[in-house]
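**Student:** The following block contains the structure, expressed as structure tokens.
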């Protein structure tokens with residue numbers, strides 16, 4: 038699980054550097070600098086599930102086994118990308134590994150997940166992830182009710198960083214996601230973004246789908262990764278590293294982190310050379 042967190046984080050760090058250097062021109066939704074634990078925990082709990090992510094989906098894609106080369110080629114606008122280089126950051130997909138891309142319409146992945154769950158070929162379980170701002174869209178709430186009525190095998194996961202762009206939840210609504218989900222008859226829980234906690238609850242909730250998990254997260258960067266207001270309230274990646282150190286696994290964790298960053302950098306450099314025709 039920690040290796041998956043490192044993969045997601047290393048990819049975002051490299052991607053941000055390339056974007057800042059002008060080597061990637063498209064808009065990128067940096068998704069996992071601070072939120073990598075959620076996707077990693079979910080992927081450990083629900084292997085083989087269909088995954089329907091949001092526009093901020095890089096960590097989810099990588100944690101659930103999406104082809105990294107296809108993702109990079111898509112970011113670089115290459116015809117060998119997952120969407121032939123035409124969709125870029127929000128739309129990355131890998132049907133061969135059960136990962137459905139996003140269209141760019143905020144929240145549309147949630148009703149799409151219902152459609153996937155109704156397909157006999159859905160392999161039994163579907164995970165869909167959305168943000169706390171997306172949770173306020175009418176078709177998202179309607180899908181919760183529809184899934185409850187039809188008993189669709191969906192795990193709804195809200196990555197709740199208490200912000201819609203820069204507007205806090207208290208200024209947007211007076212209700213809580215878990216209360217609404219429970220009102221529809223869904224098992225629902227509100228948890229912190231500890232990766233082991235996410236894995237535990239996802240495993241438990243997967244036994245009684247549909248269900249919802251609201252995960253309190255803290256993303257380090259602004260909406261599209263251009264900056265931040267200051268140090269994050271907490272850094273789950275660093276907290277996880279500290280926990281592993283306390284368990285006597287600090288050296289192993291550091292080795293995994295360095296090894297993963299090197300592998301990610303090597304793959305990005307290879308694909309950049311391909312784009313340049315070198």
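Residue numbers (the numbering used here): 38 to 315. Yeah, the Cβ is synthetic: ideal placement off N, Cα and C, and Gly gets one too.
Quick check on this structure: which residue in 216, 218, 217 and 272 has the alpha carbon closest to the alpha carbon of residue 232?
**Tutor:** Measuring from the Cα of residue 232, the nearest candidate turns out to be 272.
**Student:** Going by alpha carbons, who is nearest to residue 40 out of 135, 234 and 294?
**Tutor:** Checked all of 135, 234 and 294; the closest Cα to residue 40 is 294.
**Student:** Whole angstroms is fine: what's the gap from residue 196's alpha carbon to residue 170's?
**Tutor:** If you take the alpha carbons of residue 196 and residue 170, they lie about 10 Å apart.
**Student:** Do you know how far the Cα of residue 59 is from the Cα of residue 161?
**Tutor:** C-alpha separation (whole angstroms): 42 Å.
**Student:** Could you spell out where the beta strand (DSSP E) holding residue 169 opens and where it closes?
**Tutor:** Where residue 169 is concerned, there is no enclosing beta strand (DSSP E), given that its DSSP letter is neither H nor E.
**Student:** Measure the alpha-carbon distance for residue 93 versus residue 136 and round it to whole angstroms.
**Tutor:** Those two C-alpha atoms are separated by around 13 Å.
**Student:** Beta-carbon within less than 7 Å of residue 56's beta-carbon, same chain only, minus the 5 sequence neighbours each way: which residues are those?
**Tutor:** These residues qualify, in order along the chain: 65.
**Student:** Do residue 70 and residue 304 have their C-beta atoms closer together than 8 Å?
**Tutor:** It is not a contact, given that the beta carbons lie outside the stated cut-off.
**Student:** Using a Cβ-Cβ cut-off of 7 Å (strictly less than) and excluding sequence neighbours within five positions of residue 110, which residues of its own chain qualify?
**Tutor:** Only 117, 118, 122 and 308 meet the Cβ criterion.
**Student:** How long is the line joining the alpha carbons of residue 61 and residue 224, rounded to whole angstroms?
**Tutor:** Each residue's alpha carbon lies about 42 Å from the other.
**Student:** When you compare only the Cα positions, how much space is there between residue 85 and residue 155?
**Tutor:** In a straight line, the C-alpha of residue 85 is about 16 Å away from that of residue 155.
**Student:** How is the alpha helix (DSSP H) around residue 197 delimited, first residue to last?
**Tutor:** Residue 197 -> not in any alpha helix (DSSP H); beta strand (DSSP E) instead, spanning 191-197.
**Student:** Using 8 Å for Cβ pairs, my map puts residue 76 next to residue 96. What's the rounded Cβ distance?
**Tutor:** Indeed they touch by this definition, with Cβ atoms about 4 Å apart.
**Student:** Counting along the chain, where does the alpha helix (DSSP H) carrying residue 243 start and finish?
**Tutor:** That residue, residue 243, is in no alpha helix (DSSP H); it is neither H nor E in DSSP.
**Student:** Jot down the residue ranges of each uninterrupted beta strand (DSSP E) in the region 107-183, minimum 3 residues, whole runs only, in chain order.
**Tutor:** The region 107-183 contains these whole beta strand (DSSP E) runs: 163-168.
**Student:** So, using beta-carbon positions, are residue 240 and residue 82 closer together than 8 Å?
**Tutor:** Yes, they are a contact pair.
**Student:** Which residue comes first and which comes last in the alpha helix (DSSP H) that contains residue 288?
**Tutor:** Where residue 288 is concerned, the enclosing alpha helix (DSSP H) stretches over 287-313.
**Student:** CB residue 206 to CB residue 230, shorter than 8 Å?
**Tutor:** Cβ distance not < 8 Å, so residue 206 and residue 230 don't count as in contact.
**Student:** Since residue 250 is in the beta strand (DSSP E), which residue starts that stretch and which ends it?
**Tutor:** It spans 248-253 - the beta strand (DSSP E) in which residue 250 sits, taken as one unbroken run.
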